[in-house]
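Read through the structure below, which is laid out as structure tokens, and then see the notes.
In UniProt numbering, the protein residues as written are 1 to 342.
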């Protein structure tokens with residue numbers, strides 16, 4: 001898609017959220033018209049086995065771009081090895097008030113305080129069920145409703161896990177978004193133990209019920225101490241979590257202190273997150289069992305960035321903000337670079 005720089009210039013004249021929907025709907029039209037395969041050069045990679053699943057390549061789309069599963073077929077034609085949709089909650093919710101999405105263009109970064117805006121797990125499940133994808137793994141990222149007390153969050157996760165289990169290739173447990181009050185508290189102490197215990201029990205029962213094991217990954221924040229990371233790793237090991245997604249967005253503004261809009265509240269993603277999230281991957285790899293894979297997300301803007309994530313210990317990588325700034329060509333560039341390194 002060599003036309004992307006021109007399209008980006010046009011879309012960046014719109015507010016970030018309007019441009020987001022404009023871009024996705026344009027992509028869907030290209031897929032519907034049959035033009036998309038003509039515009040996208042498909043990357044070639046030897047399949048990789050992670051979590052008992054076969055990925056066409058190690059590059060995925062992070063959750064947040066396609067919250068409701070409306071664009072799975074179009075996105076799958078861009079060359080991703082996997083797509084993660086959501087975050088979805090049991091009940092539909094509007095999210096936080098607008099504006100809630102901001103581009104820090106000088107830093108190739110994004111700040112969002114979307115607040116899990118989505119149409120609910122019933123709608124998303126239907127979209128995943130009818131989506132036709134070829135060789136593309138689809139993960140479903142689940143979270144809690146904003147008005148569900150943190151003490152009752154387990155019920156939300158269990159409800160959504162039960163609902164999406166039939167359709168997901170894997171399920172991602174989002175306990176690390178900074179935009180739902182109290183959510184990150186689920187990463188620590190007894191709350192984490194109780195949640196993981198309940199989810200693993202439900203997963204085991206669902207595997208018997210459906211005669212199919214669907215792996216479960218937990219998505220963590222980058223804003224954690226070494227002690228907290230060690231405790232998280234111990235809990236993931238204890239409950240035999242299938243994978244760790246590292247990381248979500250950050251509240252840290254050190255890398256963008258002088259950039260316009262840096263003062264906006266929300267999670268920061270994009271290039272400034274790269275070093276911090278990569279270090280979290282490296283630290284988790286040192287303390288997690290070798291068999292527990294890490295899916296790395298955070299600041300990947302090039303093939304070299306993706307290779308650095310794998311070198312730090314990741315088995316798979318995900319992009320989001322980099323796609324907004326670099327366009328679909330980034331997918332081919334990353335997969336080609338990773339192929340050259342293997």
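Glycine included, each C-beta is placed from N, C-alpha and C at the ideal position. Nothing here was measured: the structure is a model prediction, and the numbers come from that model.
From the DSSP output, which residues share a beta bridge with residue i?
i: residue 77; result: Per DSSP, none; premise fails for residue 77.
i: residue 86; result: 141
i: residue 243; result: 217
i: residue 49; result: 54
i: residue 170; result: 139
i: residue 101; result: 112
i: residue 344; result: As displayed, the chain neither begins before 1 nor continues past 342, which places residue 344 out of reach and without an answer.
i: residue 336; result: Beta-bridge pairing links residue 336 to no other residue.
i: residue 93; result: 118
i: residue 250; result: 268
Which term fits residue i, buried or exposed, when burial requires 16 or more other beta carbons within 10 angstroms of its beta carbon?
i: residue 289; result: exposed
i: residue 184; result: buried
i: residue 9; result: exposed
i: residue 103; result: buried
i: residue 57; result: buried
i: residue 175; result: buried
i: residue 238; result: exposed
i: residue 44; result: exposed
i: residue 66; result: buried
i: residue 208; result: exposed
i: residue 232; result: buried
i: residue 342; result: exposed
i: residue 70; result: buried
i: residue 6; result: exposed
i: residue 203; result: buried
i: residue 301; result: buried
i: residue 226; result: exposed
i: residue 25; result: exposed
i: residue 340; result: exposed
i: residue 38; result: exposed
i: residue 357; result: Nothing can be reported for residue 357: it is not among the residues displayed for the chain, which extend from 1 to 342.
i: residue 34; result: exposed
i: residue 254; result: exposed
i: residue 14; result: exposed
i: residue 241; result: buried
i: residue 217; result: buried
i: residue 173; result: buried
i: residue 334; result: buried
i: residue 234; result: exposed
i: residue 46; result: exposed
i: residue 3; result: exposed
Should residue i and residue j be called a contact, given that it needs their Cβ atoms to be closer than 9 Å?
i: residue 117; j: residue 143; result: no
i: residue 336; j: residue 303; result: yes
i: residue 68; j: residue 177; result: no
i: residue 78; j: residue 306; result: no
i: residue 223; j: residue 251; result: yes
i: residue 53; j: residue 170; result: yes
i: residue 107; j: residue 270; result: yes
i: residue 325; j: residue 61; result: no
i: residue 323; j: residue 330; result: yes
i: residue 73; j: residue 168; result: no
i: residue 85; j: residue 141; result: yes
i: residue 272; j: residue 287; result: no
i: residue 229; j: residue 159; result: no
i: residue 50; j: residue 246; result: no
i: residue 55; j: residue 137; result: yes
i: residue 268; j: residue 111; result: yes
i: residue 109; j: residue 219; result: no
i: residue 179; j: residue 139; result: no
i: residue 81; j: residue 48; result: yes
i: residue 265; j: residue 98; result: no
i: residue 187; j: residue 153; result: no
Hey, does residue i have any beta-carbon neighbour from chain B nearer than 9 Å?
i: residue 308; result: In the structure shown, chain B cannot be found, because there is only a single protein chain.
Could you give the uninterrupted runs of the alpha helix (DSSP H) lying entirely in the region 254-323, keeping only those of 4 residues or more? Assignment of alpha helix (DSSP H) within the region 254-323, counting only whole runs of 4 or more residues, yields 274-287 and 303-312 in chain order.
Does the count of Cβ pairs from the region 213-221 and the region 117-129 closer than 8 Å reach three? no
Measuring CB atoms only, is the region 18-27 touching the region 268-280, in the sense that at least three cross pairs come out at less than 8 Å? In short, these stretches do not touch, since the Cβ pair count stays below three.
Pair every Cβ in the region 292-300 with every Cβ in the region 313-327, then say whether three or more of these pairs are closer than 8 Å. Look at the beta carbons and you see the region 292-300 touching the region 313-327: at least three pairs across the two are nearer than 8 Å.
Runs of beta strand (DSSP E) lying entirely within the region 10-52, each at least 3 residues, in chain order: 48-50
With contact counted as at least three CB pairs below 8 Å, one residue from each stretch, are the region 127-134 and the region 181-198 in contact? no
I want to know whether the region 81-91 touches the region 143-155 - three or more CB-CB distances under 8 Å. yes
Can you list, in chain order, the stretches of the alpha helix (DSSP H) that have 4 or more residues and sit fully within the region 182-216? 189-210
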